[in-house]
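What follows is a short report on a single structure.
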Amino acid sequence: MPRFFFNGVLSDLHSAVTLPINTIRHLHALRMRNGDTLELFNGNGYAYLAKLINLDKKSAIAEVFSRKDSKISNKIQIKLAMCMIANDKMDLVIQKAIELGVQEIIPVISERTQRVSNDKIDKKILHWQNIVISSCEQCGNNILPDIAPVHKFDDLVTKYSATSSIKKIIMSPQLYDLGNNISDADLNEVLLVVGPEGGFTDDEVSLAIIKGFSLMNLGNLIMRAETAAIAGIVVIHTKFKNWLVNG
Numbered sequence: 004m005p006r007f008f009f010n011g012v013l014s015d016l017h018s019a020v021t022l023p024i025n026t027i028r029h030l031h032a033l034r035m036r037n038g039d040t041l042e043l044f045n046g047n048g049y050a051y052l053a054k055l056i057n058l059d060k061k062s063a064i065a066e067v068f069s070r071k072d073s074k075i076s077n078k079i080q081i082k083l084a085m086c087m088i089a090n091d092k093m094d095l096v097i098q099k100a101i102e103l104g105v106q107e108i109i110p111v112i113s114e115r116t117q118r119v120s121n122d123k124i125d126k127k128i129l130h131w132q133n134i135v136i137s138s139c140e141q142c143g144n145n146i147l148p149d150i151a152p153v154h155k156f157d158d159l160v161t162k163y164s165a166t167s168s169i170k171k172i173i174m175s176p177q178l179y180d181l182g183n184n185i186s187d188a189d190l191n192e193v194l195l196v197v198g199p200e201g202g203f204t205d206d207e208v209s210l211a212i213i214k215g216f217s218l219m220n221l222g223n224l225i226m227r228a229e230t231a232a233i234a235g236i237v238v239i240h241t242k243f244k245n246w247l248v249n250g
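Set out below in structure tokens:
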């Protein structure tokens, strides 16, 4: 069933909603017709079934007739602090992280991160938020994960050092144990920090350790930053039996 984000109120059943132009384009591309059913969500945790009642070239109205509770649940909430990398690679990381159930993306500037001006960062965050929406449309998540403001690496590790309720993990090639020191039974939140092209500096890794971060490594193969991020999320899900389940 086609599924679309709707930036508006959906809580009133049997109400008519006017769909935006980008959704209308998709409806026509899918050759949908009046009377067809689609699924809408607005980030409040529910999905809504709606029927097209007035679709033409430039407008579309749908009537909401049913609400579906979300059956996606996570034992552990995952935050991904990702050092900013090349545009298309960063887009890929955000897309796959959302599909893998990450609840928050924190863009990070480290010593080896290419510097970006503030006006470009604002545009990037807006672009990434659109990727979050499209990824949620695809994967069935009815709650939109957050794109946090950009953090400097030192500020990030200092900020989370005082938060004992979050397991803090930094990926580094300095340790070959697959993160065997991160097996807390009552864990409910993880912060995973992934470096840029070229990785973290020794000083950054040392600072993270001082601030209470655990090191995690995925073996002796050197991965690209985007590969490491995706693999790291999968490892966390697997180690803590955290894969999303229905029911």
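With the sequence shown counted from 1, adding 3 to any position gets you my numbering. Backbone N, C-alpha and C fix where the C-beta goes; we use that ideal spot for every residue, glycine too.
Cutoff 9 angstroms: residue i Cβ touching any chain D Cβ
{"i": "I225", "result": "Judged by its chain identifiers, the structure shown contains no chain D, having just a single protein chain."}
Rounded separation between residue i and residue j - CA only
{"i": "D94", "j": "I134", "result": "7 angstroms"}
{"i": "S18", "j": "I136", "result": "23 angstroms"}
{"i": "K78", "j": "N191", "result": "6 angstroms"}
{"i": "N45", "j": "A32", "result": "22 angstroms"}
{"i": "L221", "j": "I212", "result": "18 angstroms"}
{"i": "N223", "j": "G235", "result": "14 angstroms"}
{"i": "Q141", "j": "D149", "result": "17 angstroms"}
{"i": "N37", "j": "L55", "result": "5 angstroms"}
{"i": "Q117", "j": "I124", "result": "12 angstroms"}
{"i": "N25", "j": "S14", "result": "22 angstroms"}
{"i": "E107", "j": "V196", "result": "12 angstroms"}
{"i": "F68", "j": "S164", "result": "47 angstroms"}
{"i": "R6", "j": "K126", "result": "26 angstroms"}
Per DSSP, the bridge partner or partners of residue i
{"i": "E66", "result": "A19, K54"}
{"i": "T161", "result": "Per DSSP, none; premise fails for T161."}
{"i": "E229", "result": "DSSP, once it has assigned bridges, lists no residue as partnering E229."}
{"i": "F8", "result": "F44"}
Beta-carbon proximity check, residue i vs residue j, cutoff 9 angstroms
{"i": "L30", "j": "A63", "result": "yes"}
{"i": "K155", "j": "I112", "result": "yes"}
{"i": "C86", "j": "P199", "result": "yes"}
{"i": "L194", "j": "I169", "result": "yes"}
{"i": "I239", "j": "A100", "result": "no"}
{"i": "I172", "j": "M226", "result": "no"}
{"i": "L159", "j": "A231", "result": "no"}
{"i": "A65", "j": "L22", "result": "yes"}
{"i": "S138", "j": "Q80", "result": "no"}
Close Cβ partners of residue i (< 6 angstroms) along its chain, the five nearest in sequence each way excluded
{"i": "E114", "result": "T204"}
{"i": "A50", "result": "E42, F44, K71, N145"}
{"i": "F9", "result": "L43, N45"}
Residues of its chain near residue i, where Cβ-Cβ distance is below 7 angstroms and the 5 sequence neighbours each way are ignored
{"i": "I88", "result": "P199, E200, A228, E229"}
{"i": "G215", "result": "S164, K171"}
{"i": "F243", "result": "K78, I79, L190"}
Same chain only: Cβ atoms within 8 angstroms of residue i, ignoring 5 sequence neighbours per side
{"i": "V208", "result": "I173, S175, Q177, L218"}
{"i": "V237", "result": "L103"}
The ligand MN heavy atom lying under 8 angstroms from the CB of residue i
{"i": "K155", "result": "Within the structure as shown, the ligand MN is missing, as the structure has no ligands at all."}
Counting only runs of 3+ residues fully inside the segment 71-139, write out the beta strand (DSSP E) ranges in chain order.
Listed in chain order, the complete beta strand (DSSP E) runs (minimum 3 residues) inside the segment 71-139 are 80-86, 107-112.
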